[in-house]
Amino acid sequence: DTAREILGVEQAWLGFVDSGLPEGDPLPPLPEGCFALQPVEKAAEPLVRLMREFRPHVVTTYDENGGYPHPDHIMTHKVSVAAFDAAGDPGAYREAGAPWQPLKLYYNQGISRTRVEALHNAMVARGLESPYGEWLERWGDRQEREITTRVPCAEYFALRDRALIAHATQVDPDGFWFRVPLQVQQEVWPTEDYELVRSLVDTDLPEDDLFAGVRTGAGANA
């Protein structure tokens, strides 16, 4: 609740149980009935209902890797894409409200090797200890995703961090992500980054606005 109040956003609970992050070799089974084990068509229904009620023009979600391979992040990707496609289909989920078609679908791409390397190098250049050295060594040859949209928002980083720290069950205030001074982040990487994967409006890439094309176009729901 505190994190939500800090950000000034609304939150809707869709009624699923957290799957947790399994660890070990081999990995233990996921808890029975958890979100990641739900059929996608079942899990998408409350999100379709929410989209038709809230009527968003833009939807953001994880990519197919879940940002990192958390079972719930991967499931969120599957459900979000399914709901994006179904929300505007009058033949889908007929009991979930009047159709509404979102116009743009983005994948969050906040964790890229390029960004982590830039922050790491900036810390080293300033004579500060970087938290990212070992992580970069383990990164491997994973292919970088295409970043199509960089939204300047450095002035909101402090607010973002306050909200993250307030999410006490998920975030360690002394953890990995808070070891880079705010000023370094603002100077080195002052954007939040996204990958545009679906657009029903004309837009020119690269973008600096998630609503590019939406603000000027008539759109699918006009």
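Residue numbers (the numbering used here): 162 to 383. We treat Cβ as the ideally placed atom computed from N, Cα and C, and that holds for glycine.
Which residues in the same chain as residue i place their Cβ atom closer than 6 Å to its Cβ, once the five residues preceding and following it in sequence are excluded?
i	result
residue 277	293
residue 198	191
residue 345	283
Around the Cβ of residue i, are there at least 16 other Cβ atoms within 10 angstroms (buried) or fewer (exposed)?
i	result
residue 200	exposed
residue 265	buried
residue 270	buried
residue 174	exposed
residue 355	buried
residue 247	buried
residue 365	exposed
residue 235	buried
residue 185	exposed
residue 319	exposed
residue 328	exposed
residue 367	exposed
residue 353	buried
residue 373	buried
To which residues of the same chain is residue i closer than 8 Å at the C-beta, ignoring the five residues directly before and after it?
i	result
residue 178	192, 194, 195, 196
residue 350	276, 279, 280
residue 242	222, 266
residue 342	289
If residue i sits next to residue j, beta carbons under 8 Å apart, how far is it from one beta carbon to the other, in whole angstroms?
i	j	result
residue 358	residue 268	6 Å
residue 224	residue 287	With a Cβ gap of about 32 Å, residue 224 and residue 287 do not count as contacting.
residue 230	residue 180	Not quite, the Cβ-Cβ distance comes to about 12 Å (not below 8 Å), so this is no contact.
Excluding sequence positions up to five away, which residues of its chain have a Cβ less than 7 Å from the Cβ of residue i?
i	result
residue 257	206, 209, 210, 213
residue 291	281, 284, 285
residue 228	234, 269, 272
Give the secondary structure of residue i by DSSP, where H, G and I count as helix, E and B as strand, and everything else as coil.
i	result
residue 223	coil
residue 277	helix
residue 267	strand
residue 356	strand
residue 364	coil
residue 330	coil
residue 170	coil
residue 183	coil
residue 311	strand
residue 375	coil
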